[in-house]
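If you read the sequence shown in the working numbering, its first letter stands for residue 330, the second for the next number, and so on.
Report on the following structure.
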Amino acid sequence: MIMNNIDIKEFKEKHGLSTAQVAEIANVSIRAVQSWEYKQRNISKSAFKLLIDYEQSVFDNRSKDHAIAAMQKLKEVTANKNKNKKSEGRLIDESQLIPVEQYIIPIKGQAGLKKAFFAPDQYIEDHFEKEIILVKPSERAIYHKIEVDGNSMPGTLEPGEWARCEDIPQMYWENKDTFKPNKVYCLFHRKHGILFKRVSVPYYGSITLSSDNPDKVEYPDETFDLMEFSKILIVRKKEVDL
Numbered sequence: 330m331i332m333n334n335i336d337i338k339e340f341k342e343k344h345g346l347s348t349a350q351v352a353e354i355a356n357v358s359i360r361a362v363q364s365w366e367y368k369q370r371n372i373s374k375s376a377f378k379l380l381i382d383y384e385q386s387v388f389d390n391r392s393k394d395h396a397i398a399a400m401q402k403l404k405e406v407t408a409n410k411n412k413n414k415k416s417e418g419r420l421i422d423e424s425q426l427i428p429v430e431q432y433i434i435p436i437k438g439q440a441g442l443k444k445a446f447f448a449p450d451q452y453i454e455d456h457f458e459k460e461i462i463l464v465k466p467s468e469r470a471i472y473h474k475i476e477v478d479g480n481s482m483p484g485t486l487e488p489g490e491w492a493r494c495e496d497i498p499q500m501y502w503e504n505k506d507t508f509k510p511n512k513v514y515c516l517f518h519r520k521h522g523i524l525f526k527r528v529s530v531p532y533y534g535s536i537t538l539s540s541d542n543p544d545k546v547e548y549p550d551e552t553f554d555l556m557e558f559s560k561i562l563i564v565r566k567k568e569v570d571l
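Written as structure tokens, this is what we have:
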């Protein structure tokens, strides 16, 4: 069982931190962090809050970086169009990038995730291939490249396209600032499988999912309890951008 909902080993790997750095963040000794990692002691409430605050700040900064990068790219494209030149976007020196893991989840095989509701990460690790991708240091995370099924988001994510998604830790699902109306999310539902939807602000443990498809008979807005989902991810990019 993960103590206080934080797996210290996973926390270190996800953020590229050493044991000493985690100890500094949590304001504890290195020995204390080691005892958490090996499940010998529970994380204190004060340290737990510091770790949550750190992860929230990383998530918030990453979201801001994506927004800034998108705005910068738009400005560059607009500027180049004004000069009647074809834009290729801003080139980034690969030496500035870092390698991270990305799991590849095709439509074929997604059904099995419904059976692994209580341990989706372990199931993904055991049953799907992964690749190494290069990202900016501010975008360090474990990503999932997921094939789109269904026509819920026409014009945004078409059937057969691939979406690069970043996991949203469960501890943030009920935070009113987590879900944005202009973003698309990937949700693992225990019965409906993988869904690509827009998400409303959480309300007493529930969220409303909506699609961009105008056919509201086939694609109605639906409200679900957050407990019905094993994973919720934010779509960062789609295949044409990768």
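C-beta atoms are modelled at their ideal positions from N, C-alpha and C, and glycine is treated no differently.
Is residue i near residue j, with beta carbons less than 8 Å apart?
{"i": "residue 443", "j": "residue 519", "result": "yes"}
{"i": "residue 429", "j": "residue 469", "result": "yes"}
{"i": "residue 478", "j": "residue 433", "result": "no"}
{"i": "residue 539", "j": "residue 526", "result": "yes"}
{"i": "residue 531", "j": "residue 516", "result": "no"}
{"i": "residue 387", "j": "residue 456", "result": "no"}
{"i": "residue 476", "j": "residue 489", "result": "yes"}
{"i": "residue 349", "j": "residue 359", "result": "yes"}
{"i": "residue 384", "j": "residue 498", "result": "yes"}
{"i": "residue 541", "j": "residue 484", "result": "yes"}
Quick one: using the 10 Å Cβ neighbour count with 16 as the cut-off for buried, is residue i buried or exposed?
{"i": "residue 533", "result": "exposed"}
{"i": "residue 378", "result": "exposed"}
{"i": "residue 561", "result": "buried"}
{"i": "residue 337", "result": "buried"}
{"i": "residue 486", "result": "buried"}
{"i": "residue 367", "result": "exposed"}
{"i": "residue 413", "result": "Residue placement at residue 413 cannot be trusted, given a pLDDT of 44 that sits under 50; the coordinates are not used to answer."}
{"i": "residue 361", "result": "buried"}
{"i": "residue 347", "result": "exposed"}
{"i": "residue 431", "result": "buried"}
{"i": "residue 352", "result": "buried"}
{"i": "residue 416", "result": "The predicted position of residue 416 is uncertain, since its pLDDT is 39 and thus under 50; a value taken from the coordinates is nonetheless stated next. Classification of residue 416: exposed, given that the 10 Å Cβ count is below 16."}
{"i": "residue 331", "result": "The pLDDT assigned to residue 331 is 40, lower than 50, so where the model puts this residue is not dependable; a value taken from the coordinates is nonetheless given after this. Residue 331 comes out exposed."}
{"i": "residue 578", "result": "Here the chain covers residues 330 to 571 and nothing more, so residue 578 does not appear."}
{"i": "residue 376", "result": "buried"}
{"i": "residue 339", "result": "exposed"}
Nearest CA to the CA of residue i: which residue from the options?
{"i": "residue 545", "options": "482, 450, 386 and 436", "result": "482"}
{"i": "residue 372", "options": "389, 354 and 386", "result": "354"}
{"i": "residue 496", "options": "531, 349, 510 and 449", "result": "449"}
{"i": "residue 438", "options": "452, 447, 426 and 464", "result": "452"}
{"i": "residue 537", "options": "335, 553 and 447", "result": "553"}
{"i": "residue 461", "options": "426, 507 and 440", "result": "426"}
{"i": "residue 547", "options": "480, 382 and 491", "result": "480"}
{"i": "residue 459", "options": "466, 474 and 447", "result": "474"}
{"i": "residue 565", "options": "509, 501, 551 and 339", "result": "509"}
{"i": "residue 511", "options": "471, 563 and 501", "result": "563"}
{"i": "residue 557", "options": "441, 528, 446 and 500", "result": "446"}
{"i": "residue 501", "options": "549, 389 and 356", "result": "389"}
{"i": "residue 505", "options": "491, 521, 381 and 529", "result": "529"}
{"i": "residue 436", "options": "471, 454, 491 and 382", "result": "491"}
{"i": "residue 559", "options": "543, 441 and 513", "result": "441"}
{"i": "residue 356", "options": "513, 454 and 374", "result": "374"}
Say whether chain C places a C-beta atom closer than 8 Å to the C-beta of residue i.
{"i": "residue 349", "result": "Looking for chain C here will not work: only one protein chain is present."}
3 or more residues per run - each beta strand (DSSP E) lying fully within the segment 508 to 551: 514 to 518, 522 to 528 and 535 to 539
As an exercise, report each continuous beta strand (DSSP E) stretch of at least 3 residues that is fully enclosed by the segment 475 to 500, in chain order. 491 to 496
Completely contained beta strand (DSSP E) runs for the segment 434 to 467, where each covers 3 or more residues: 459 to 464
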